[in-house]
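J.: Quick note on numbering: the sequence shown equals residues 415 to 787 in the numbering used here.
Even for Gly, the Cβ is constructed at its ideal location relative to N, Cα and C.
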Amino acid sequence: MNHNLDKSYQDDILIVDDTPDNLRLLSAMLTKQGFEVRKALTGQAAIASALADAPDLILLDIKMPTMSGYEVCQQLKANPRTEQIPVIFISALDDVIDKVKAFAAGGIDYVTKPFQEAEVLARINNQLNLQRLQKQLIEQNRELARSNRELAQFAYVVSHDLQQPLQSITGFAKLLLLKYGADLDTTAHEYLNRITDSGNRMQRLIQDLLSYAQVDKQAELELLDCNLILEQVLDNLQSTITEKNVTLTYVPLPKVMGSETQLIQLFQNLISNGIKFARPGVLPAIDISIEEYPGHCLFKIQDNGIGIAAENLERVFEVFYRLHSTKEYPGTGIGLATCKKIVEFHGGEIWVTSELGSGTTFCFTLVTPSPLL
Ligand SMILES: Nc1ncnc2c1ncn2[C@@H]1O[C@H](COP(=O)(O)OP(=O)(O)O)[C@@H](O)[C@H]1O
Ligand SMILES: [Mg+2]
């Protein structure tokens with residue numbers, strides 16, 4: 415049976431052995447199985463052959479006169495052009511194979527002479543399959559990173575370009591109201607107001623999408639005082655806090671490594687959610703606490719709001735995921751997705767615990783500088 419029939423090319427194996435008989439034996443066996451086989455009688459010839467054109471796998475004798483298999487393997491592993499090639503050592507049954515040395519030199523497996531044909535083939539195929547899977551993974555990762563970059567770029571461009579026509583729409587609706595408002599009946603007024611409202615909602619959506627798409631673009635992290643971040647956020651939310659009679663409690667916060675705009679966004683999203691998702695008839699109370707650990711700090715933002723059912727806890731971080739209509743609670747469903755992206759970009763983690771009907775706690779970690787800073 416030819417193991418290579420299902421593939422578009424034949425795997426190319428380099429056999430290195432100073433005994434011509436061994437070379438012939440192995441070569442015949444592997445050729446019969448459909449492999450492309452190359453041979454080398456010395457370590458030097460093997461290295462030259464691998465450098466000229468990397469084989470898919472090398473079978474390498476350990477005991478050779480001028481250069482041992484260990485040395486050959488070390489040299490192959492030290493060269494970026496040949497380091498990826500899997501090396502299986504060949505040792506004679508009466509030699510004591512130094513397995514530790516073989517693996518330390520970069521070998522991946524070994525077979526012993528005299529060969530058990532089935533065993534040698536199984537070991538070779540095993541390594542070739544692993545190698546193929548690894549190549550596939552690397553390729554898929556590269557592809558994934560590329561498509562992620564493209565998607566972020568796309569979201570950025572689209573949301574950016576959508577702003578302009580939208581501004582025309584709301585601008586002209588306002589102009590109509592301003593210039594011809596007196597001549598229009600109440601229905602026309604209502605329609606124009608609806609256009610403006612929808613336009614404003616869409617503007618909000620586009621803004622949120624833009625900040626979501628931009629998170630990993632602003633790469634500079636600096637040492638920031640979270641107390642100042644919080645101060646800024648409370649300033650931004652001042653009118654809502656007063657209007658909704660929010661009780662806010664917090665402790666002194668540490669310094670962290672971060673991007674200022676992003677951390678403001680993070681705290682602001684979480685605090686404004688806590689205020690927005692309040693229980694009817696219950697004044698919102700937000701508490702911010704921390705737990706300090708070596709190298710990072712855990713932040714907890716707790717509210718006394720409507721809570722989130724256990725089955726929805728995981729999904730709230732997805733883009734556009736919302737549990738309520740915009741009539742009940744306005745929003746775009748991008749806030750928490752952006753928070754997650756920000757925290758992860760900063761090397762931390764974010765999660766949520768909640769009890770339906772009594773409140774929610776968002777927890778996230780941020781990197782803190784070493785005590786010397
Ligand atoms: N503090 C909270 N209490 C209860 N539910 C919350 C809270 N924060 C977020 N949620 C739920 O998670 C959803 C997603 O939040 P988010 O991404 O900030 O979107 P938005 O605030 O625009 O609705 C919200 O629509 C809400 O259902
Ligand atoms: Mg929100």
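(1) Which whole-angstrom value is the C-beta distance of residue 472 and residue 453, which I expect to be below 8 angstroms?
(2) Nearest by alpha-carbon distance to residue 615: which of 638, 643, 577, 631 is it?
(3) CB residue 748 to CB residue 766, shorter than 7 angstroms?
(4) Once you ignore the five residues that flank residue 440 on each side, which residues in its own chain have a CB closer than 6 angstroms to its CB?
(5) Short of 8 angstroms in beta carbon distance, which residues of its chain neighbour residue 775, apart from the five on each side in sequence? Order them along the chain.
(6) Looking only at its own chain, which residues have a Cβ that is under 6 angstroms from the Cβ of residue 699, when we skip the five neighbours before and after it?
(7) Are the C-beta of residue 571 and some C-beta of chain D separated by less than 7 angstroms?
(8) Can you tell me whether residue 718 sits near ligand 2, meaning its C-beta is under 6 angstroms from at least one heavy atom of the ligand?
(9) Spell out a yes or no on whether the segment 612-632 and the segment 577-596 are touching, meaning 3 or more CB-CB pairs, one atom from each, closer than 8 angstroms.
(10) Just mark residue 687 as buried or exposed, buried being the case when its beta carbon has 16 or more other beta carbons within 10 Å.
(11) Please classify residue 596: does DSSP put it in a helix, a strand, or coil?
(12) With ligand 2 as the reference, list in chain order each residue whose Cβ lies under 7 angstroms from any of its heavy atoms.
(13) Can you list, in chain order, the residues of its chain with a C-beta nearer than 6 angstroms to that of residue 491? Leave out the 5 residues immediately preceding and following it.
(14) Buried or exposed for residue 514, going by 16 or more other Cβ atoms inside 10 Å?
(15) When we look at the beta-carbon of residue 692 and count the other beta-carbons within 10 Å, is it buried (16 or more) or exposed?
(16) Taking the C-alpha atoms as reference points, what is the distance between residue 475 and residue 556?
(17) Roughly how many angstroms separate the alpha carbons of residue 772 and residue 731, rounded to a whole number?
(18) Under the DSSP definition of a beta bridge, which residues are partnered with residue 453?
(19) DSSP state of residue 417, grouped into three classes?
(20) Please give me, in chain order, every unbroken run of the alpha helix (DSSP H) with length at least 4 that falls completely inside the segment 618-684.
(21) Thinking C-alpha only, which one of 637, 554, 651, 451 is nearest residue 760?
(22) Kindly give me the distance between the Cβ atoms of residue 664 and residue 702, rounded to whole angstroms, as I take these residues to be in contact under 8 angstroms.
(23) Can you tell me the Cα-Cα spacing of residue 419 and residue 516, whole angstroms?
(24) Among residues of its own chain, excluding the 5 on either side of residue 525, which ones have a beta-carbon nearer than 7 angstroms to its beta-carbon?
(25) Go to residue 696, then tell me how far its beta strand (DSSP E) extends in each direction, as first and last residue.
(26) One question on the structure: do residue 522 and residue 489 come within less than 7 angstroms of each other, judged by their Cβ atoms?
(27) What does DSSP give as the partner residue(s) for residue 707 in the beta ladder?
T.: If we stick to the structure as given:
(1) Position 58 of the sequence shown, counting from 1, holds the residue named residue 472. Position 39 of the sequence shown, counting from 1, holds the residue named residue 453. 11 angstroms between Cβ atoms; not a contact.
(2) Mapped onto the sequence shown, residue 615 falls at position 201. Taking only the C-alpha atoms, the option nearest residue 615 is 577.
(3) For the purposes of this step, residue 748 is taken as the residue at position 334 of the sequence shown. For the purposes of this step, residue 766 is taken as the residue at position 352 of the sequence shown. Going by C-beta atoms, residue 748 is not nearer than 7 angstroms to residue 766.
(4) On the sequence shown, position 26 is the one that residue 440 refers to. The residues are 429.
(5) Walking along the sequence shown from the start, residue 775 turns up at place 361. Hits under 8 angstroms: 714, 715, 716, 717, 766, 767, 768.
(6) Residue mapping note: residue 699 aligns to position 285 of the sequence shown, counting from 1. Excluding sequence neighbours, residue 699 sits near 661, 718.
(7) No chain D is part of this structure, which consists of one protein chain only.
(8) Translated into positions along the sequence shown, residue 718 becomes position 304. Not one heavy atom of ligand 2 is found less than 6 angstroms from the C-beta of residue 718.
(9) Yes: at least three Cβ pairs fall under 8 angstroms.
(10) Counted from its first residue, the sequence shown places residue 687 at position 273. With at least 16 other beta carbons inside 10 angstroms of its own, residue 687 counts as buried.
(11) Position 182 of the sequence shown, counted from the start, is the residue given in the question as residue 596. Helix, per DSSP.
(12) Taking a cut-off of 7 angstroms from the heavy atoms of ligand 2, the residues with a C-beta inside it are 683, 686, 687, 690, 745, 749, 750.
(13) Here residue 491 refers to the residue found at position 77 of the sequence shown. Counting only Cβ-Cβ distances below 6 angstroms, and skipping sequence neighbours, we find 497, 520.
(14) Here residue 514 corresponds to residue number 100 of the sequence shown, with the count starting at 1. Residue 514 is exposed by the Cβ-count criterion.
(15) The sequence position of residue 692 within the sequence shown is 278, counting from 1. Buried: at least 16 other Cβ atoms inside 10 Å.
(16) For the purposes of this step, residue 475 is taken as residue 61 along the sequence shown, with counting starting at 1. For the purposes of this step, residue 556 is taken as residue 142 along the sequence shown, with counting starting at 1. Rounded to the nearest angstrom, the two C-alpha atoms are 36 angstroms apart.
(17) Here residue 772 corresponds to residue number 358 of the sequence shown, with the count starting at 1. Here residue 731 corresponds to residue number 317 of the sequence shown, with the count starting at 1. So the alpha carbons of these two residues sit roughly 20 angstroms apart.
(18) Along the sequence shown, one-based indexing puts residue 453 at 39. According to the DSSP secondary-structure assignment, residue 453 is paired through a beta bridge with 429.
(19) Walking along the sequence shown from the start, residue 417 turns up at place 3. Residue placement at residue 417 is flagged as unreliable, the pLDDT there being 48, under the threshold of 50; the coordinate-derived value follows with that caveat. In the structure shown, residue 417 adopts coil according to DSSP, grouped into three states.
(20) Those alpha helix (DSSP H) runs which fall completely within the segment 618-684 and span 4+ residues are 640-650, 652-657.
(21) Here residue 760 refers to the residue found at position 346 when the sequence shown is read from its first residue. Relative to residue 760, the option among 637, 554, 651, 451 whose CA is nearest is 637.
(22) For the purposes of this step, residue 664 is identified with residue 250 of the sequence shown, where counting begins at 1. For the purposes of this step, residue 702 is identified with residue 288 of the sequence shown, where counting begins at 1. Here residue 664 really is in contact with residue 702; their C-beta atoms are around 4 angstroms apart, less than 8 angstroms.
(23) Taking the first residue of the sequence shown as position 1, residue 419 is located at position 5. Taking the first residue of the sequence shown as position 1, residue 516 is located at position 102. Only weak support is given to the placement of residue 419: the predicted model assigns it a pLDDT of 44, under 50, and the question is left unresolved by the model.
(24) Numbered from its first residue, the sequence shown carries residue 525 at position 111. Taking residue 525 as the centre and dropping the five residues before and after it, the same chain places the C-beta of 502, 504, 533, 534, 537 closer than 7 angstroms to its C-beta, in chain order.
(25) Counting from one through the sequence shown, the residue named residue 696 turns up at place 282. No beta strand (DSSP E) contains residue 696, which DSSP labels as neither H nor E.
(26) Numbered from its first residue, the sequence shown carries residue 522 at position 108. Numbered from its first residue, the sequence shown carries residue 489 at position 75. For residue 522 and residue 489, no; Cβs fall outside 7 angstroms.
(27) Within the sequence shown, residue 707 is the residue found at index 293, counting from 1. Under DSSP, residue 707 shares a beta bridge with 710.
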